[in-house]
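Colleague: Here you go, one structure.
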Amino acid sequence: MSSIDKVLARIESNFESSLDRLFDLLKIKSISTDPEFAAPCREAADWLALELNSIGFEASVRDTAGHPMVVGHRKSGKPGPHVLFYGHYDVQPVDPLELWEQDPFEPKIKTREDGSKVIVARGSSDDKGQLMTFVEAARAYIEETGDLPIDVTILFEGEEESGSPSLEPFLKSHKEELSCDLALVCDTGMWDAETPAIAVMLRGMVGDEIIVKAASRDLHSGMYGGSAQNPNHIVAAIIAGLHDDNGKVTLPGFYDGVIELPEDVSNMWDGLGFSVEEFLGEVGLKYPRGENDRKPLEHLWSRPTVEVNGMWGGYQGAGSKTVIPAQAHAKFTFRLVGDQDPDKIQASFRDYVRSKVPADCSVDFIAKEGSPALRLDFKMPALEKGEIALKKEWGKDAALTGMGGSIPIVGDFKRMLGMDTLMIGYGLEDDQIHSPNEKYNLTSFHKGIRSWARVLDELSKS
Numbered sequence: 001m002s003s004i005d006k007v008l009a010r011i012e013s014n015f016e017s018s019l020d021r022l023f024d025l026l027k028i029k030s031i032s033t034d035p036e037f038a039a040p041c042r043e044a045a046d047w048l049a050l051e052l053n054s055i056g057f058e059a060s061v062r063d064t065a066g067h068p069m070v071v072g073h074r075k076s077g078k079p080g081p082h083v084l085f086y087g088h089y090d091v092q093p094v095d096p097l098e099l100w101e102q103d104p105f106e107p108k109i110k111t112r113e114d115g116s117k118v119i120v121a122r123g124s125s126d127d128k129g130q131l132m133t134f135v136e137a138a139r140a141y142i143e144e145t146g147d148l149p150i151d152v153t154i155l156f157e158g159e160e161e162s163g164s165p166s167l168e169p170f171l172k173s174h175k176e177e178l179s180c181d182l183a184l185v186c187d188t189g190m191w192d193a194e195t196p197a198i199a200v201m202l203r204g205m206v207g208d209e210i211i212v213k214a215a216s217r218d219l220h221s222g223m224y225g226g227s228a229q230n231p232n233h234i235v236a237a238i239i240a241g242l243h244d245d246n247g248k249v250t251l252p253g254f255y256d257g258v259i260e261l262p263e264d265v266s267n268m269w270d271g272l273g274f275s276v277e278e279f280l281g282e283v284g285l286k287y288p289r290g291e292n293d294r295k296p297l298e299h300l301w302s303r304p305t306v307e308v309n310g311m312w313g314g315y316q317g318a319g320s321k322t323v324i325p326a327q328a329h330a331k332f333t334f335r336l337v338g339d340q341d342p343d344k345i346q347a348s349f350r351d352y353v354r355s356k357v358p359a360d361c362s363v364d365f366i367a368k369e370g371s372p373a374l375r376l377d378f379k380m381p382a383l384e385k386g387e388i389a390l391k392k393e394w395g396k397d398a399a400l401t402g403m404g405g406s407i408p409i410v411g412d413f414k415r416m417l418g419m420d421t422l423m424i425g426y427g428l429e430d431d432q433i434h435s436p437n438e439k440y441n442l443t444s445f446h447k448g449i450r451s452w453a454r455v456l457d458e459l460s461k462s
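Residues in the sequence shown are numbered consecutively from 1, following UniProt numbering.
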């Protein structure tokens, strides 16, 4: 029997105790956003450090200005990449409590109508269940073989659900200790309950707010209507001109740096069976928008967008007030892909807006800090090894997916520590994270442990 087969057998014999340990962690009310739960957050950090030490890591709780970090190291001395595994032990508040079918911090295994078993508790999917898949894989490896197949550093954060205010300072002050060859992040999901996934691209973002000003005061529309500039009309024209009839963004240079999807990845996405009708139907819509010559998953993952997030101006109370407002506002965000430059996108947008504002009016801008998109090299050896590992466990090819939003820690790892990140998680869309009755499929926890063992095994191979 090979080493990995022995490790997998150990995972099977450990599984009930692995569940017990997960339940112990889930019972800790580590809600990071509420100061009343500072002590439970510390308790969760202490619990994790104790568990890591018990299986042979050198782990400790590190204080920050907020909730503590947990850092653990296990040096195998073997060839192969040194990986940094990241997860977070803090959870979202449980409100509204009355919508929970049980105590959020008393985990239970429930059987659903389709026969699947799920772990129900706050944090079961986001992110305690996910991070424990890695811890339990490491436990089985060390118990069975005496060591891990590669060097591993672990970083557990306690403020992910409250904006990670302590993370950047911690990474800066511990750069040498935490810099590794590759990061592993589990705070992602599968394509579906039977199809594993590796997220290979995250869209970046930049935003701006505009305040268009015209007259020195609100004007009577009967006295000035048809003569004086109306800021609402100006903002409406700005918004209307951002897209052409084919759904493309009209800003000069907007598509500079956009990279075309490799044909094999495009074909993979075609085979995922994504239904835009079902996707939009869940939110009461029918008809897709965006670039007419692009496929639905491209719209969501690999193409850049501009969206109007808010617009207002003039009277908004009950009834009618016949005024021409002195100013109007709008907020915009741009989702970026490939090598698009957030600063250049913002500059192009501002030039465009200024060109639309009449000479006797003005515009002010309020910037939203931007971040570039991130993507993995599709030929990166670690990615290929991750694919091999997941196929061995799940019996089918892993979907190489994009994410319409961003995961800030992945950008921080690249920008501050120079590391690419392999994003492998086992959550599902219906896990109800941040909502009442959060759950994590028992299969996700079980096969997630096995998957991480296989990933470590593949990464150790030359």
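The beta-carbon is built from N, C-alpha and C at its ideal position, and this holds for glycine as well.
Do you know how far the Cα of Gly80 is from the Cα of Ser17?
Modeller: Translated into positions along the sequence shown, residue 17 becomes position 17. Translated into positions along the sequence shown, residue 80 becomes position 80. Straight-line Cα distance between these residues: approximately 30 Å.
Colleague: If you compare alpha carbons, which of Ile119, Lys110, Asp5 is closest to Lys27?
Modeller: Looking up residue 27 in the sequence shown gives position 27. With distances taken between Cα atoms, Lys27 lies closest to Ile119.
Colleague: Helix, strand or coil for Asp351? Go by DSSP, reduced to three states.
Modeller: Along the sequence shown, read from residue 1 onward, the residue named residue 351 stands at position 351. DSSP places Asp351 in helix when its eight states are reduced to three.
Colleague: Could you check which residue in Gly123, Val363, Gly338, Ala398 has the C-alpha nearest to that of Arg350?
Modeller: As a first step, residue 350 is located in the sequence shown; it is residue number 350 there, counting from the start. Ranking Gly123, Val363, Gly338, Ala398 by Cα distance to Arg350 puts Val363 first.
Colleague: According to DSSP, is Asp192 part of a helix, a strand, or is it coil?
Modeller: As a first step, residue 192 must be located in the sequence shown, where it is residue number 192. Here Asp192 carries a strand assignment [DSSP, helix/strand/coil].
Colleague: Expressed to the nearest angstrom, what Euclidean distance is found between the alpha-carbon atoms of Lys368 and Pro149?
Modeller: What you label residue 368 is simply residue 368 of the sequence shown in a count that begins at 1. What you label residue 149 is simply residue 149 of the sequence shown in a count that begins at 1. Cα to Cα, the separation comes out at about 43 Å.
Colleague: Counting beta carbon pairs with one atom in the segment 217-227 and one in the segment 390-410, are three or more of them shorter than 8 Å?
Modeller: no
Colleague: Counting only the same chain and skipping the five closest in sequence on each side, list residues whose C-beta sits under 8 Å from that of Gly310.
Modeller: In the sequence shown, counting from the first residue as 1, residue 310 sits at position 310. Correct list, in chain order: His329, Ala330, Lys331.
Colleague: Could you check the C-alpha separation between Asp264 and Arg139 for me, to the nearest Å?
Modeller: By one-based count along the sequence shown, residue 264 stands at place 264. By one-based count along the sequence shown, residue 139 stands at place 139. In a straight line, the C-alpha of Asp264 is about 37 Å away from that of Arg139.
Colleague: Can you tell me the Cβ-Cβ gap for Ile234 and Val357, rounded? I've got them flagged as a contact below 8 Å.
Modeller: Your numbering for residue 234 matches position 234 in the sequence shown. Your numbering for residue 357 matches position 357 in the sequence shown. About 6 Å separates the Cβ atoms of Ile234 and Val357, confirming a contact at the 8 Å cut-off.
Colleague: Tell me, please, which residues DSSP counts as bridged to Asp364.
Modeller: The residue you call residue 364 lines up with position 364 of the sequence shown. BP columns for Asp364 point to Ile211.
Colleague: Ile49 and Val61: beta carbons closer than 7 Å?
Modeller: Within the sequence shown, numbered from 1, the residue matching residue 49 stands at position 49. Within the sequence shown, numbered from 1, the residue matching residue 61 stands at position 61. Checking the sequence, you will find Ala at residue 49 rather than Ile. Yes, the Cβ-Cβ distance between Ala49 and Val61 is below 7 Å.
Colleague: For a test of the three-state rule: what should DSSP assign to Leu441, helix, strand or coil?
Modeller: Taking the sequence shown and counting its residues from 1, the one referred to as residue 441 is at position 441. Note that residue 441 is Asn in the sequence shown, not Leu. Three-state result, Asn441: strand.
Colleague: What's the C-alpha gap between Phe134 and Ile449?
Modeller: On the sequence shown, position 134 is the one that residue 134 refers to. On the sequence shown, position 449 is the one that residue 449 refers to. When rounded, the distance between both Cα atoms is 6 Å.
Colleague: Is it the case that the segment 99-117 contacts the segment 418-433, given that we only count it when at least three CB pairs across the two stretches are under 8 Å?
Modeller: no
Colleague: How many Å lie between Ser166 and Val152 at the Cα?
Modeller: The count along the sequence shown starts at 1 and reaches residue 166 at position 166. The count along the sequence shown starts at 1 and reaches residue 152 at position 152. Rounded to whole angstroms, Ser166 to Val152 spans 23 Å at the Cα level.
Colleague: Could you give the C-beta distance for Ser124 and Tyr352, rounded to a whole number, given that I count them as a contact under 8 Å?
Modeller: Taking the first residue of the sequence shown as position 1, residue 124 is located at position 124. Taking the first residue of the sequence shown as position 1, residue 352 is located at position 352. With 8 Å as the limit, Ser124 and Tyr352 do not qualify as a contact, their Cβ atoms being about 46 Å apart.
Colleague: Gln327 lies in the alpha helix (DSSP H); which residues open and close that run?
Modeller: Taking the sequence shown and counting its residues from 1, one reaches residue 327 at position 327. Unbroken run through Gln327 is the beta strand (DSSP E), 327-336; no alpha helix (DSSP H).
Colleague: Would DSSP call Thr64 helix, strand or coil?
Modeller: For this step, residue 64 is matched to residue 64 along the sequence shown. In this structure, Thr64 counts as coil in the three-state DSSP scheme.
Colleague: Ends of the beta strand (DSSP E) at Val357?
Modeller: Indexing the sequence shown from 1 puts residue 357 at position 357. Where Val357 is concerned, there is no enclosing beta strand (DSSP E), given that its DSSP letter is neither H nor E.
Colleague: Buried or exposed, going by whether 16 or more other CB atoms sit within 10 Å of the CB of residue 466?
Modeller: Nothing about residue 466 can be reported from this structure: the residues present for the chain run from 1 to 462 only.
Colleague: Taking 8 Å as the threshold, find out whether the segment 334-347 comes into contact with the segment 243-263 through three or more Cβ pairs.
Modeller: A contact exists between the segment 334-347 and the segment 243-263.
Colleague: If you count every other CB in all the chains shown that lies within 10 Å of the CB of Arg217, and 16 or more means buried, which is it?
Modeller: Stepping through the sequence shown from its first residue, residue 217 is reached at position 217. Arg217 comes out exposed.
Colleague: For a quick check, are the C-beta atoms of Ile184 and Ala382 less than 7 Å apart?
Modeller: If you number the sequence shown from 1, residue 184 lands on position 184. If you number the sequence shown from 1, residue 382 lands on position 382. The residue you asked about is not Ile; residue 184 is Leu in the sequence shown. Taking 7 Å as the cut-off, the Cβ atoms of Leu184 and Ala382 do not count as close.
Colleague: What alpha helix (DSSP H) runs, 4 residues minimum, are completely inside the segment 9-68?
Modeller: 38-54
Colleague: Going straight from the alpha carbon of Glu194 to that of Leu242, what length do you get?
Modeller: Counting from one through the sequence shown, the residue named residue 194 turns up at place 194. Counting from one through the sequence shown, the residue named residue 242 turns up at place 242. Straight through space, the alpha carbons of Leu242 and Glu194 are spaced by roughly 40 Å.
Colleague: For Gln130 versus His434, is the C-beta distance shorter than 7 Å?
Modeller: By one-based count along the sequence shown, residue 130 stands at place 130. By one-based count along the sequence shown, residue 434 stands at place 434. If you check the CB distance, Gln130 and His434 do not come in under 7 Å.
Colleague: Got a sec? Which residues, its chain only, sit under 8 Å from Glu277 by beta carbon, not counting five neighbours each side?
Modeller: One-based indexing of the sequence shown puts residue 277 at position 277. Lys286, listed in sequence order.
Colleague: Taking the alpha-carbon positions, what's the Asp147 to Ala137 distance?
Modeller: As a position in the sequence shown, residue 147 is number 147, starting the count at 1. As a position in the sequence shown, residue 137 is number 137, starting the count at 1. Annotation: Asp147 to Ala137 spans about 12 Å, alpha carbon to alpha carbon.
Colleague: Are the CB atoms of Pro231 and Pro325 nearer to each other than 7 Å?
Modeller: By 1-based counting over the sequence shown, the position of residue 231 is 231. By 1-based counting over the sequence shown, the position of residue 325 is 325. Using a Cβ distance threshold of 7 Å, Pro231 and Pro325 count as a contacting pair.
Colleague: On the DSSP bridge assignment, give the partners of Trp301 in chain order.
Modeller: Position 301 of the sequence shown holds residue 301. Answer is none; Trp301 lacks a bridge partner.
Colleague: Hey, could you find the ends of the beta strand (DSSP E) Tyr86 is sitting in?
Modeller: Here residue 86 refers to the residue found at position 86 of the sequence shown. Annotation for Tyr86: the continuous beta strand (DSSP E) segment containing it runs 83-88.
Colleague: Less than 8 Å between C-beta atoms, sequence neighbours within five positions excluded: which residues of the same chain meet that for Pro252?
Modeller: Within the sequence shown, numbered from 1, the residue matching residue 252 stands at position 252. For Pro252, where only same-chain residues beyond five positions count, the Cβ hits under 8 Å are Ser348, Asp351, Tyr352.
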